[in-house]
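Participant: Chains as they are written, first to last, in our numbering: chain A, 3 to 318; chain B, 1289 to 1582; chain C, 196 to 460.
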Amino acid sequence: MIETKHLRKEFGGKVAVEDLSLTIPRGRVTGLLGLNGAGKTTTIKILATLLRPTSGTVTVGGLDPGNTPHAVRRRINLIAGGERMVYARMTGRENLWYFGQLYDVPGKLLKTRIGELLELVGLTAAAGTRVEQYSRGMTQRLSIARGLINDPDYLLLDEPTLGLDAPIARDLRKVVAELAERGKGVLLTSHYLAEVEQLCEHVYVIGDGRHLAEGTPGELMAQTGCHRRVRITVSELTPEVEAAALAFDDRVRIAPQADEHGTGAVIELSHPGDVAGALTTAVIAAGGAPSGLEIAEPSLEDAILALSDRSVAVVA
Amino acid sequence: MNRLAGRGPAGGAEGRTAGDAARHAVKVFRAEALKQHRQIFGSKLVVFSMLIWPLLTLVQTYYTLHPLAATPGIAARWPLAADPERLLAFLATGTLGFTFFFSLVQSAWHFSMERQNGTLELLFLAPASRLAVVVANGFGALVQNAWLFACFSVAMFTLLDVVNVAHPGMYAVVFLAMLVPAVAWGAFLNSLLIFSRDAAFLYTLLDDPMWFASGVRLPTFALPGWLRAAGSVLPLTGSLVVVRGALLDGQGIADLAWPLVWLAGLSGALLLAAAGALKAGEARAQRTGQLRLF
Amino acid sequence: MTVAFATLRRSWLVTRRAYPWSYFVGTLLTGAFTMGLAYLGLRAIGGDQVSAEFAGKAGTADYLGYVAVGAAAYMFVVHGILWTGKAMIQEQREGTLGALVVAPARRLPYLLGFAMFAFTAVAVEVAVLLGCAALLGVRPAATGVLDAVLAVAGLALAVFGMSVVLSDVMIVAGEAHITQNTVFYAIAILSGFTFPRNYLPEAFQWLGELVPVTPAMDVVRGVFTGGAGLPLDRLGVTVLVSLAYTAAGLFAMPWAERRAMERSY
């Protein structure tokens, strides 16, 4: 596994990562979340040997990247989304071959692997086309194949689906899950929290380079006290309905909504319990006529937002 | 998904055998040279910058210097220039050498784009010898770029009938005296320019001063002493001494021994400097996150 | 004129920020080294003499002065074209060509703005270069103030005409590097900057007549080299050819812009 202990990285006095201890075991997808500038990319680059920590330790499968960088590099790879990190004048196949040589993949094995990877990312038909003629999505798929060229034990994914078409992103998520099933250690950062929620068994949340929370997505939601959101739309907001809703719970928020009659409103409540039925009953009892009812389960996004709000409060 | 074929090379310890490391370096070399081939081959720019522009420069230089060569007493001052064809051949060797070496400046400038394109990080991510990459990149550029003008020069020498060679083996000496220092020079520039903040500036700086100080368009005896000293650290200067001595003046190995030793030493020093710059640049990148050294 | 001044001001602001010294040094080096070559060559190869053939063809035996005037003029031409001729493709690269095409501003004042900027910047650079020449003992003298003004104006007009045409070529080709350098290398041979044009085979001498800087250089030579005075006939040719270039370039510009826009989408 990859293990970091008390990782700290500063750039010219500015601290990017502080006292960060992570464990990325093989066989599962580990998530790394935070807001922009939280230190995710710095952390990933340290794990990828591109940056050296100011203090603290990193071990990759028991090896220290500081002492044996090449041995570590053979076992890891990095896929960063949204960047065109392949050579435009070469074909897709040539790009993979080139990186295969850099990773010293034996010739015969490389040939088979390139075929499989092209198949995997759906570029078999375009394998002989120069990358400059690829679409953005194709280029990115190629860079995903590139990240797998050395069949790494550990795969670091920095926003891998950024800018990908929805079906491709879905396929990629499937691949990531399968790679983990096959025993690879995957670290994933993503803006798409649904993606993290779906893939990651364990998630680290960082803010300002510090560890904020960790756990399964479910645990994180529980820790942050994220609530279900109930939204009831009524076509006419009478004073009675308003009073009844506020009497039900003083956290209820009511937003007038201009529909064709000009009298509608949305009654909204965030609550840890299952209150949708009771609130609706109260509204109807006061003479309200609900035209819509929505219940939103809490998401990882809510948890992250709550955590980062909290961390801002702590820092402030 | 299909299972990926086999395991890669067993993770292995850092202490691979020297043989393994050398074998890998050869693979990297081949791959990088092929990459250069793909990047450059068939580009219109090569035809212009390696054939048309040098030819035009040659014509201009010849006509500019012609009024000076056709003067009384030239045979005493510079015997070679007394014969217009030999003067042209002198300038052509200079242009050839300059094209050879400047193509590496150009390719180093292109290589520095890898930093901006993000592919440099990918190179640093891989367990490949960095020195092998920069050496191969220079070599690839050279083969791609200079063959055109080299063919032209051979044709011209044959037509002008000015070649005076002591021994057929000297052609090989000429070839190596151009190639080896040029590749070392290319590796040095690659490693320098990828970490340079203003690669365009270095590029400019190595254009005109290089032809001026290396004796591309003037015999070195025409240069003042300080300029000759400055020019001698450019490998192009030594290469031209060997090329002109062997092709135009019929000098043999014994006559050219010192320039050859100097060139070999200079090439070694350039490679060492390249390795040093790569190490320092990568270490700095790991420390500061910035792929810039200069 | 508003457009011209706005363009001039913008170029100045952008340049001051984006191109500190490397640009200036680069253009200066070419000129300085050309003169250095002539100086050292004259000492070591020519033994401080120049062939009688040169004196006959150039109208002067002052080799250094001849090359210095040529190098300064060459710098003037190259830099003028780099600024004015590349203005449009620069817009294309920065993605602002579309905005320019849509804007109701006319092209002529726009390009004139660039030219005004270019000639201000180049004047400074040529002055520095001539300063270097002075260090080598070169003292180019004009046959008269009015002659000098007309000669420089003629060269500027020639540069402007070529720039308008090159603007079209560059945005249609979507490329500047090959075009500009090929033009620079070609005029270095054809237009009589560092050696008299009549050294060239006759066919090439006629080829030179197709480029407006060739007659303009004849005017410059008459005024600054040899003291023959302003050749009015060559000045007339300069004006005619330059205006023809300008007119043709402006006439083709809408077409070139359309092509450029189609290519980029």
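Positions of the beta carbon are idealized from the N, C-alpha and C atoms, including for glycine. Bear in mind that the values here come from a model prediction, so they are computed numbers and not experimental data.
1. Just grab the DSSP bridge partners of residue 13(A) for me.
2. Nearest by alpha-carbon distance to residue 27(A): which of 21(A), 189(A), 215(A) is it?
3. Quick check on the DSSP output: the beta strand (DSSP E) that includes residue 93(A) runs from which residue to which?
4. Considering just the uninterrupted stretch of the alpha helix (DSSP H) at residue 1523(B), what are its terminal residues?
5. Helix, strand or coil: how does DSSP classify residue 1380(B) here?
6. Could you work out which residues of chain B lie near residue 406(C), taking near to mean beta carbons separated by less than 8 Å?
7. Residues of chain C with CB closer than 8 Å to the CB of residue 1500(B), please, in chain order.
8. Quick one: does residue 240(C) have its CB under 7 Å from some CB of chain B?
9. Checking 7 Å against the spacing of the C-beta atoms, do residue 353(C) and residue 433(C) come in under that value?
10. Would residue 1485(B) pass as an interface residue toward chain A - the criterion being a Cβ-Cβ separation below 7 Å?
11. Quick one: is residue 1290(B) buried, meaning 16 or more other Cβ sit within 10 Å of its Cβ, or exposed?
12. Taking a cut of 8 Å between CB atoms, which residues from the segment 1394–1408 of chain B lie near chain A?
13. Which term fits residue 176(A), buried or exposed, when burial requires 16 or more other beta carbons within 10 angstroms of its beta carbon?
14. What first and last residue would you give for the beta strand (DSSP E) that runs through residue 57(A)?
15. In this structure, how does DSSP classify residue 1342(B) when only helix, strand and coil are distinguished?
16. Using only the alpha-carbon positions, how far apart do residue 25(A) and residue 205(A) sit?
17. I need the DSSP call for residue 366(C), collapsed to helix, strand or coil.
18. Does residue 1367(B) come within less than 7 Å of chain C when only Cβ atoms are used?
19. Using the rule of at least 16 other Cβ atoms within 10 Å of the residue's Cβ for burial, across every protein chain shown, is residue 1401(B) buried or exposed?
20. For a contact defined as C-beta to C-beta under 8 Å, what are the partners of residue 381(C) on chain B?
21. Mark residue 1273(B) as exposed unless 16 or more other C-beta atoms lie within 10 angstroms of its C-beta, in which case mark it buried.
22. Buried or exposed: where does residue 427(C) fall if 16 or more other Cβ atoms within 10 Å of its Cβ makes it buried?
23. List the endpoints of the continuous alpha helix (DSSP H) containing residue 1619(B).
24. For residue 317(A), which of helix, strand or coil comes out of DSSP?
25. Contact check, residue 1399(B) vs residue 1481(B) under 8 Å by CB: the rounded distance?
26. Kindly list the residues whose CB is nearer than 7 Å to the CB of residue 1464(B), restricted to its own chain and excluding five residues on each side of it in sequence; keep chain order.
27. Within its chain, find whatever has a CB closer than 7 Å to the CB of residue 399(C); leave out the 5 residues flanking it on each side and keep chain order.
28. From what residue to what residue does the alpha helix (DSSP H) around residue 384(C) run?
29. Please list the partners that residue 1575(B) has in chain A, where partner means a Cβ-to-Cβ separation under 9 Å.
30. On a CA-only basis, which of 279(C), 417(C), 444(C), 291(C) is nearest residue 430(C)? Give me that one, please.
31. Give the C-beta separation of residue 46(A) and residue 160(A) to the nearest angstrom, bearing in mind that I take them to be a contact with Cβ-Cβ under 8 Å.
32. From residue 1342(B) to residue 15(A), what does the alpha carbon distance come to, in whole angstroms?
33. For a cutoff of 7 Å on Cβ pairs, would you count residue 50(A) as touching chain B?
34. Rounded to the nearest angstrom, what separates residue 307(A) and residue 18(A) at their Cα positions?
35. Taking just the CA atoms, how far does residue 1541(B) sit from residue 1552(B)?
36. What residues in its chain sit with their C-beta under 7 Å from that of residue 1507(B), if we drop five residues either side in the sequence?
Facilitator: Reading it off the structure:
1. In DSSP, residue 13(A) forms a bridge with 16(A).
2. It is 189(A) whose Cα lies nearest to the Cα of residue 27(A).
3. Premise fails: residue 93(A) is in no beta strand (DSSP E) and is neither H nor E.
4. Unbroken alpha helix (DSSP H) run through residue 1523(B): 1523–1536.
5. Helix.
6. Residues of chain B passing the Cβ test: none, with the nearest at roughly 14 Å.
7. Scanning chain C for C-beta atoms nearer than 8 Å to the C-beta of residue 1500(B) yields 228, 231, 232, reported in chain order.
8. Closer than 7 Å to some Cβ of chain B, the Cβ of residue 240(C) qualifies, so yes.
9. In this structure, residue 433(C) lies closer than 7 Å to residue 353(C) by Cβ.
10. No, because no Cβ of chain A sits closer than 7 Å to the Cβ of residue 1485(B).
11. Reliability fails at residue 1290(B), whose pLDDT of 42 lies under 50, so the model's placement of it is uncertain and the value that follows must be treated cautiously. Here residue 1290(B) is exposed: its Cβ has fewer than 16 other Cβ atoms, across all protein chains shown, within 10 Å.
12. For the segment 1394–1408 of chain B, which is checked against every Cβ of chain A, the residues closer than 8 Å are 1405, 1406, 1407.
13. Classification for residue 176(A): exposed.
14. Looking at the DSSP string, the run of the beta strand (DSSP E) that includes residue 57(A) is 57–62.
15. DSSP places residue 1342(B) in helix when its eight states are reduced to three.
16. When the Cα atoms are used, residue 25(A) and residue 205(A) turn out to be separated by approximately 10 Å.
17. In this structure, residue 366(C) counts as helix in the three-state DSSP scheme.
18. Taking Cβ atoms only, chain C never reaches closer than 7 Å to residue 1367(B), which makes this a no.
19. Classification for residue 1401(B): exposed.
20. Going along chain B in sequence order, the residues near residue 381(C) (Cβ under 8 Å) are 1344.
21. No information on residue 1273(B) is available, as it lies outside the stretch 1289 to 1582 that chain B covers here.
22. Taking all protein chains shown into account, residue 427(C) has fewer than 16 neighbouring C-beta atoms within 10 Å of its C-beta and is therefore exposed.
23. There is simply no residue 1619(B) to check, as chain B begins at 1289 and stops at 1582 in what is shown.
24. Confidence at residue 317(A) is low in this model, with a pLDDT of 44, below 50, so the placement of that residue should be treated as unreliable; the coordinate-derived value is given next. Three-state result, residue 317(A): helix.
25. For a cut-off of 8 Å, the C-beta gap from residue 1399(B) to residue 1481(B) is around 6 Å, short enough to register as a contact.
26. So no residue of the chain qualifies.
27. Excluding positions up to five away in sequence, the list reads 385.
28. That run of the alpha helix (DSSP H) goes 372–385.
29. Within chain A, the residues placing a beta-carbon under 9 Å from that of residue 1575(B) are 13, 53, 54, 56, ordered along the chain.
30. Residue 417(C) is the option with its Cα nearest to residue 430(C).
31. Going by Cβ atoms, the distance from residue 46(A) to residue 160(A) rounds to 5 Å, so yes, they are a contact pair.
32. Distance between the alpha carbons of residue 1342(B) and residue 15(A) is about 50 Å.
33. It does; some Cβ of chain B falls within 7 Å.
34. About 20 Å.
35. Rounded to the nearest angstrom, the two C-alpha atoms are 14 Å apart.
36. Taking residue 1507(B) as the centre and dropping the five residues before and after it, the same chain places the C-beta of 1366 closer than 7 Å to its C-beta, in chain order.
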